[in-house]
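To get our numbering, take the position in the sequence shown, counting from 1, and add 63.
Down below is the structure, laid out as C-alpha cells.
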Amino acid sequence: MSAQQVEPPKVVPTVAASPVEDIAAPTPPPPGAQLPEVAPIIPDDEFRDAIPAISADNDPELDKPLETIAEFEKRQAEAAKARVAKSDGVSTADSTTGGDVPTIDGAPVPALADGDAVEAIGDAPITDAELAAPLPPLDSFNIVPVEFAEPEDAGDNRAVPYSVQVTGLASADDSTDVDLADLFGGLSALYDGDGKADNIAMVRARLSADADLMQRILASEGYYDGVVETRIDRSDRDAAGSDQAQGANARRQPVTAVIDVKPGVRYKFSDIILNAAPTVPPTLVQDNFPLAVGEPIVAQRVQGAEAAIALKLPEEGYPFAIVGQRDILLDGATGDGVYTLPIEIGPRGRFGGIETTGKLAFDAKHVGVLARFKRGDLYDSRMADDLRQALVATGLFSAVAVEPQKTGESAGDGTEYVTMMVTQEAGPPRTIAATAGYGTGEGLRLEGSWTHRNFFPPEGALIARAVVGTQEQGVGVTLRRSNAGRRDRTFELVSEATRSNYNAFEAITGRVAAKISYDSTPIWQKKLTYAFGAELLATSEDDYDFALGARNRDFYTIFGLLGQVGIDRTDSLLDPTRGFRVTARVQPEGSLAGRFSPYARSQVDVSGYYPVADNIVLAGRVRVGSILGAARERLAPSRRFYAGGGGSVRGFGYQQLGPKDPNNDPIGGRSLNEAAFEARYRFGNFGIVGFVDAGQVYRGSTPTFDNLRFGAGIGGRFYTNFGPMRLDVATPIDRQPGEGRISVYVSIGQAF
C-alpha cells in the first residue's frame, strides 16, 4: 500500500471549564481612592525608647582616630613575629621520659603514637630492593596479546535483534476506512530496520520516531487525544552464570519494542462554516464541498475537500479564488469540532485578450489560434491548461506559462475581462530523429530525419528525411505548417524520390503531394478527423506480363485525389483499451501508361477495443478494400492491393498473399479483406499479446471472403511514453509450399 498523507489538519483546542472553583484574588483599589487609616502595632515613642543610645561613654573605641593602612600592616607584622618567637623559645620537662617536652603558649604538645613528641621529616628508607633496581630495556619485554573469544556470528558482538509489538490500535483501525496498521508498517522506522539495530540506543531512537508517527496517524483520522506510550521489553532466558556473563548474554538476547496505543475519542464535525462571498450560482461552494456535519475529522478528506474547491472555482469563472487557512476548534468534553474555512472568491471573469512576453517563438496572434476559447467566454482554468499543453506540444519552447491577469475592465453581468499572459522561452527548433524496423519480406528499414520546426514562422517546419533499407531506399523534403489557421489543422507539401525492390514489383518513383488534414493529437483526441489532398506520381515499375511470359517494365504517370474521414471513440490515441475507430478513404486516380485509365481506390478500416479486466484488453480489426474502374493490368503494380506482413496478416511475408505469377511472386489484386484479433495482457511496462490474423487478396474488384489464410502468433510489448515497442513472432496456419515457418516483426506502436 502506498503511503498516504498523515499530517493532521491544524486544530485549535478549546479550554474546558475547571470543575474546581478558583480562589478569588484581592481586588486592588481604584486609582485615587482614599485608603482607611490602620493603627500601628507598636507606637513610635515606645519603639524609639527601646533603641539603646550609641556614644563614647558606652564604647571608648568610637572616639579613637582611625589608623593608617601602613600602621595596620606594621602592627600585624610585629604580632606575627612575637607569636613565632614565643613558640620557638618555650619548653618544659617530660616527667614521663625524663626529656624536655615542647610546649606552645605554655601548654605541652601531646606525644605521637610512637611516643615521640617530635618527628624528623626526611627521606623514608627503601626496604624493597626491586624499587631501587634499574629499569630493563624495552626490547627485553615479552608482550603476550590478550585473546578474546570469537562470537558465533561476526555481527553478534554489536547487532541487537528486536521485534515490534503494537497494542491497542485495533479499535481505531476498525473505525476507519484506512488500514492504520498497514499504513504504520509502511512508514515505520522499526519495521524498516528489519529487526536489527547496531545498539539499543538505535532501537530507542527508532521507537521514539515511531511514537511520533503513530501520533500523527491517529490525528490524521480524527483521534486528537490519542496517547502513545513506548517501552523496551528485554527477555531474560539465561539466569545462570556470573553477573558479567549474564550481562554479556543479555546484550545478545532479542528485545521487544512495544508501542501501546490509547486512541481516545474520535472527533467529528459539529459545524462547517465556509466564509465566502456570494457566487454565481449561489450554492457553488457548498455544492462542491464534500465534507458534511457528523463525519469524522479525517485529514485526507479535509485536504481533498479544500483542493476540490480550489480547482472548481477557477473552472466556474473565478480565476483568482484563494482558499485560506482552515481553523478547527475542538471540544475535548464532547469530541466535537467546528470547522471554519475562509475563501476569497475574487472577481468573476471572462476571457479577454492574449498577451505574450519573453523570448518569443511566435506572436500573440498565433497563440490565439491554439486557444480553444474566444473573447467573452466565461473563464475556465481547464481551457487555460489546454492552451499551455498545446504550446508545449509545438516543441518550440524550453519553458512556457499561461497565467490570468486582472484588467478591471467590466464585461457586463458583474464580470470582468481577464487577460491571458503567455510567458515564452523559445527553445532549440532543430531536431534529429531516427527509427528502425524489421519485417519478414520487408527486410531491415532505417529512417532518419532532420527537422527545423519553425523554419517559416509561425510553426512552418522544414523536414528532410532519408530511408535506407534492404528493400527500400529514398530521400524526401517536406514543408509542413502546423496549426494552419486552426488548431490541429496541418498543411503539407511533400517531394520525394524512392526505390522499392520487393517480390511483387521493383519501382523507381518520384512523388509530389499536397494535403490538408485535421488530426487527433495526444493532447486533444478528436472524435472526427478528416484529410483531403492531391498527388502526382511518375514511376517506372516492372510487372509480370502473362502474354509475354516474363516481367516487363513500364512507365506510369498518375494523378490522384485523396479524401478521408475518421471517427474515433477510443480512450487513447496511442494505446486504446476501450471504444472503436472507423476510417474511410477514397482515392480517385487516373493512370497514364499508353492510354489514360481512371479508377477509384477505396478502403474502410474498423477496429474495436474491450477491457475484460484491469490489465487484459481484447482488440479486433477488420479491413475491406476495393478498386473500381480499371483492369488489374492497367494499374501500376504499386497502386494495387497486397496483404501479408506486420501491419496486415502476420505469419506471412510482406505482400505474399493473393494472386501470384508462375514464379510464385505476388502480383497484387483489386480487392482485399483482412481481420485480426488480439488478447493484450499488460504488467507494468511490459506486455504479452496473443493474436490470430486472417486475410486474402482477390483479382476482382469485390472481395469474396473465400480462401482466407490464417496466421497466429505471440508478441511482446515494452511500453514507453511515446507508445509501445512491438516484437511479434507468427506462423502461418495450414502452411503452403514456399511459405516460411516463422515470421518476425519489430516496430513502434500496436499492430492496430
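Here a beta-carbon is modelled for each residue, glycine too, at the ideal position from N, C-alpha and C.
Boundaries around S234 are those of the alpha helix (DSSP H), 233–237, since no beta strand (DSSP E) includes it.
Three or more Cβ pairs closer than 8 Å define a contact, and the segment 420–431 falls short of that threshold against the segment 350–368. Per DSSP, Q719 lies in no beta strand (DSSP E) and is assigned neither H nor E. V809 and L624 have their alpha carbons spaced roughly 32 Å apart.
Between the segment 254–265 and the segment 222–236, the count of Cβ pairs shorter than 8 Å is three or higher; the stretches touch.
Excluding the 5 residues flanking it on each side, M484 has same chain C-beta neighbours closer than 6 Å at E418, E466, Q468, in chain order. Of G801, V356, V229, the smallest CA-CA separation from D296 is found for V229. By the Cβ neighbour-count rule, I526 is buried, with 16 or more other Cβ atoms within 10 Å of its own. If you draw a straight line from the Cα of L281 to the Cα of F781, it is about 42 Å long. By the neighbour-count criterion, in which 16 or more other beta carbons inside 10 Å mark a residue as buried, N784 falls on the exposed side. Here DSSP, grouped into helix, strand and coil, assigns I280 to helix. Listed in chain order, the beta strand (DSSP E) elements of length 3 or more contained wholly in the segment 604–668 are 613–631, 642–656. Counted as a single uninterrupted DSSP element, the stretch harbouring S764 is not any beta strand (DSSP E), since DSSP gives it neither H nor E. Only residues of its own chain outside the window of five on either side were considered, and among them T633, Y672 have a CB closer than 7 Å to the CB of P639, listed in chain order. In this chain, the alpha helix (DSSP H) harbouring I372 covers 362–378.
Approximately 17 Å separates the beta-carbon atoms of G683 and Q666; this is outside 8 Å, ruling out the contact. Look at K589 here: in three-state DSSP terms it is coil, with no helix or strand label. If you draw a straight line from the Cα of V318 to the Cα of D273, it comes to about 16 Å.
By the CB criterion at 8 Å, T342 and I408 fall inside the cutoff. Among the bridge pairs identified by DSSP, R772 is matched with G758.
Ranked by Cα distance from R438, the options A462, F659, G750, T478 are led by T478.
Of G786, E652, L270, G612, the smallest CA-CA separation from E598 is found for E652.
Under the DSSP assignment, Y254 falls in the alpha helix (DSSP H) whose first and last residues are 252–255. For V557, the CB contacts under 6 Å within the same chain, skipping 5 residues up- and downstream, are T541, A576 in chain order. Within the segment 438–492, the beta strand (DSSP E) runs of at least 3 residues that lie entirely inside it are, in chain order, 460–475, 478–489. E535 has its alpha-carbon roughly 12 Å from the corresponding atom of Y501. Counting only the Cα atoms, G231 lies some 11 Å from D237. Three or more Cβ pairs drawn from the segment 640–659 and the segment 689–707 lie within less than 8 Å of each other, which places the two stretches in contact. In the three-state scheme derived from DSSP, where H, G and I count as helix and E and B as strand, S271 is classed as helix. Distance from the CA of V356 to the CA of Y442, rounded to the nearest whole angstrom, comes to 32 Å.
In the DSSP annotation of this structure, the continuous segment of the alpha helix (DSSP H) that includes A427 starts and ends at 427–433.
Secondary structure of I730 (DSSP, three-state): coil. In the three-state DSSP reduction, P224 falls in the strand class (E or B). Remark: C-beta atoms of G803 and G716 approach each other more closely than 8 Å. Per DSSP, the continuous beta strand (DSSP E) segment holding F554 begins and ends at 552–564. W587 and F768 have their C-alpha atoms some 37 Å from each other.
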